[in-house]
Amino acid sequence: MRPAILALLAIGLLGGPLGMGSAGAAAEEIGIATLVKPQVQAFPPGEPSRDLVTRNPIERGLKVKLVGREAFLKIDFTRAFGCKQQTLDGRRVSGVLKILGPSDAELGDAARSCAPKVRFSLGKFLLALLPGEPPIDVDTPETVSGVKGTYVRFLIDPLVGTFVAVDEGVVTVQAKAGGDPVEVEAGQWVVVPPGGLPTRPASLSSLEELEDSPLQLRDFTTERPGPPQ
Amino acid sequence: MRRTLLSLLLLLGFVSLAPGSWAASAAWRAESEVDLAEGLSALDAGDNAAAVDWLGKAVALAPDEGTPRYWRGLALLRLGRAREAAAEIEASLAAHQPPEVDRERALADLAAARKASEGAAVTVELPEGQPAERAVDDRGLWDRTVGLSAAGDSNPNLLSNDLRVPAPGPGGKVVRGGDSDGLGRVELRLGIYPFHTREEPNLGVTLETRRAFHFDFGYLDLGLVRGAVQLAFGSNPQGYLDGPLGSGRVPFGGSSRFAALFQAGGAVYRLGSEPYFHTVEGAAVLSLRETPATSTRFDLGYADRRFSGGLLSDPRRSGQDLSLGVSQLFYFGGWNRSLRLGARGVDRRAGPEFSASFLEGNGELVWPVGLRWSVVLEGRAREDHYDRRESNLFNPAGSRRHDTTLQTAAAIVWAATDRLRWTVRGAYTRRRSNVDLGDGLPDLGYRRLGISAGLSWEL
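Residue numbers (my numbering), protein chains in the order written: chain Z, 1 to 229; chain E, 1001 to 1459.
So this is what it looks like as structure tokens:
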């Protein structure tokens, strides 16, 4: 009997940390939807989709899809997102995410507990993360960005690529196409085009500005033309 | 021109200080946002005292934000501190950033708080927040670009190879068609966008200046100062729209079906140390996106050009240009892979020697050829039809002037960093003209090859 109890205890102990990635861990709450303007569809891992409303919990791995220009979602991430339970100055909220207009996102990775990660596939996002909190990885079709204690804005569009602007702190932007990571500091922005590296779009200025010779061709007959010497 | 350049450099230096100070003052945003969230959570849970504390911290961090002040006012009202509540709600409505709730509701809450401060009983229901519209792709107040390049020009005088003409100025020098020269060029561009935090309309003021410095032909040193006011609507994948008066900032986005840019401004050109001409211009650019990968662009432009009559400035060229262009853009998976095919027509009113209309077909292909490299290919064919017989400058009885110009250009762009771009560009131009200079002399046609290498740096 005692070995059986020990085995059950062992399974219980192992099942805690190792089982996080299973379907049971999908219900792990990492935040709360504090403001929802329709329509916001939620796709919990392994469960049927539903319309998200204000005060709904946000589970790790939840996918959300915002439909329509007026759609809006504000999420308060709790410390459970980064598994850092100790509080700073009594704060329970570690970060705030706002999603505006037509968007697609995945909030946390259901397969990796304690890995604060979000995936932005389409749309406009504002992310505020307290200094001192575990960094959040932001995955987009073009980039992986490391966001640590900052205020950052993302715009993701199939033709534009990924636009990243930092208002506070520093964000490390690594293009999936390759190259070195780029550090985007407060007050700066970059665009990573589809399949490209971080850049800033600019038009090419032309060299040719004069259309006609400015020389007054009135007195040229003072000298006969000849081959160049 | 020197004074203008100096002023611009000083302005640039001043401007370069601005973003740093702005960034420093913004080092409270994340903390303020989280404290606001904590306060709202406490308010929602009915813990009004905690809400007042949290929202007070948010207010202290962001005194210009109306939202934490408004909610703190409601929390104070719930606690029965009506006078403080009224003051806080009033301050929220006067804040630089108004509270993210319905304004009518905020005014009603202010009235309720004032009533309560006079002893009336009020109940406080929490309203639903109303997200403020803010440009997520806000790129700040300023755009600043510096460009430097060196070039070789096979024919800067734009003359037929078989022609010799006296060079301007004293000394009796003769310039031969096809005499080449080297030059350097400096370019500064400044854009100011006072309403950059808003989605649209996007109002901008741009100022650009360029100056070329030739080794031999100093009288061809073209200098330009141009200022323009621009108003843009809609969005496009590049984040800017090119117009006749330069490019104007628009929001990034591929979903907007329409984008428009309206421009008004003027430019002053100088050649060497002499005034050349100045313009007053207006333009409109309309872009219609039919599918995610295609768009059609219409350009309408007007320019009043005044040549001053200096050494190289012929006042007979003064007049008005009215231009209309249409082009089709194709995007191949992103804004950095595109093909543009277009046509443009210009009606030029000037002295009888230079009144003309021209039609142009043009195209541009932008294609990445590596992670940091891209190629830009351009082509242009243009037909100039002059209106009057006087256009045949040397034989008024001859036929009207008719020019055909072909131009091709290729550029390789290396994006060394996200802000620094190196460009090598070659352009070949060939013009044919039916107007000869008489007496066995060549016509007004010419050939020109220009090779340039330079950098452009976004500050």
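Ideal Cβ placement from N, Cα and C applies to all residues, glycine included.
- In the assembly as shown, Asp51 (chain Z) is an exposed residue. Its beta-carbon has fewer than 16 other beta-carbons within 10 Å.
- The beta carbon of Glu106 (chain Z) sits closer than 6 Å to those of Lys63, Arg119, all from its chain and outside the five residues before and after it, given in chain order.
- When the Cα atoms are used, Val96 (chain Z) and Leu1093 (chain E) turn out to be separated by approximately 24 Å.
- The Cβ of Ala1415 (chain E) sits closer than 8 Å to at least one Cβ of chain Z.
- Each residue's CA atom was taken as its position, placing Leu1040 (chain E) and Asp76 (chain Z) some 10 Å apart.
- For Ser213 (chain Z), the nearest CB of chain E lies under 8 Å from its own CB, placing it at the interface with that chain.
- For Asp139 (chain Z), there are no C-beta contacts with chain E under 8 Å, since the nearest C-beta of that chain is about 18 Å from it.
- Straight across, the Cα-Cα distance linking Pro1156 (chain E) with Tyr1428 (chain E) is about 12 Å.
- Under DSSP, Arg1340 (chain E) takes part in a beta bridge, and its partners are E:Leu1329, E:Glu1364.
- About 10 Å separates the CB atoms of Arg1401 (chain E) and Ser1355 (chain E); that is not less than 8 Å, and the two are not in contact.
- No Cβ of chain E is located within less than 8 Å of the beta carbon of Glu29 (chain Z).
- Residue range 62 to 66 is occupied by the beta strand (DSSP E) that includes Lys63 (chain Z), with no alpha helix (DSSP H) assigned at that position.
- Taken atom to atom, the span from the alpha-carbon of Gly1426 (chain E) to that of Leu1322 (chain E) is near 29 Å.
- Using a 10 angstroms sphere on the CB of Ser203 (chain Z), the tally of other CB atoms stays under 16, which defines it as exposed.
- In this structure, the alpha-carbon of Gln1263 (chain E) lies about 10 Å from that of Leu1300 (chain E).
- Under the three-state reduction of DSSP, Trp1335 (chain E) is assigned to coil, being neither helix nor strand.
- Secondary structure in the region 90 to 149 of chain Z: no alpha helix (DSSP H) run of 4 residues or longer lies completely within the stretch.
- CA-to-CA, the gap between Val192 (chain Z) and Val1326 (chain E) works out to about 29 Å.
- What Arg1419 (chain E) touches in chain Z, judged by beta-carbon distance under 7 Å, is Arg200, going in chain order.
- Between the alpha carbons of Leu1271 (chain E) and Pro1244 (chain E) lies a distance of about 21 Å.
- According to the DSSP assignment, Val1034 (chain E) belongs to the alpha helix (DSSP H) that extends over 1029 to 1044.
- Taking the C-beta atoms as reference points, Ala165 (chain Z) is found no nearer than 8 Å to Gly196 (chain Z).
- Taking the C-beta atoms as reference points, Arg1210 (chain E) is found no nearer than 8 Å to Ala1232 (chain E).
- Distance from the Cα of Thr54 (chain Z) is smallest, within the candidate group Z:Leu130, Z:Ala33, Z:Ala111, for Z:Ala33.
- For the pair Ile136 (chain Z) and Leu129 (chain Z), the CB atoms are nearer than the 8 Å cut-off.
- DSSP, read as helix, strand or coil, puts Asp1138 (chain E) in coil.
- Residue burial annotation: Val67 (chain Z) is exposed, with fewer than 16 other C-beta atoms found within 10 angstroms of its C-beta.
- Contact annotation, Thr1145 (chain E) with Arg1189 (chain E): C-beta distance approximately 4 Å; criterion of less than 8 Å satisfied.
- Comparing alpha carbon positions, the residue from E:Tyr1331, E:Asp1221, E:Val1285 closest to Gly1246 (chain E) is E:Val1285.
- Note on Gly1309 (chain E): under 16 other CB atoms within 10 angstroms of its CB, so exposed under the neighbour-count rule.
- Under the DSSP assignment, Val1122 (chain E) falls outside any beta strand (DSSP E); it carries neither an H nor an E label.
- At least 8 Å separates the CB of Glu1118 (chain E) from every CB of chain Z.
- When the beta-carbon positions are compared, Arg1448 (chain E) and Leu1158 (chain E) come within less than 8 Å of each other.
- When secondary structure is reduced to three states using DSSP, Tyr1193 (chain E) falls in the coil class, being assigned neither helix nor strand.
- In the DSSP assignment, Leu1203 (chain E) falls within the beta strand (DSSP E) that extends over 1202 to 1214.
- Taken through DSSP and simplified to helix, strand or coil, Arg1400 (chain E) comes out as coil.
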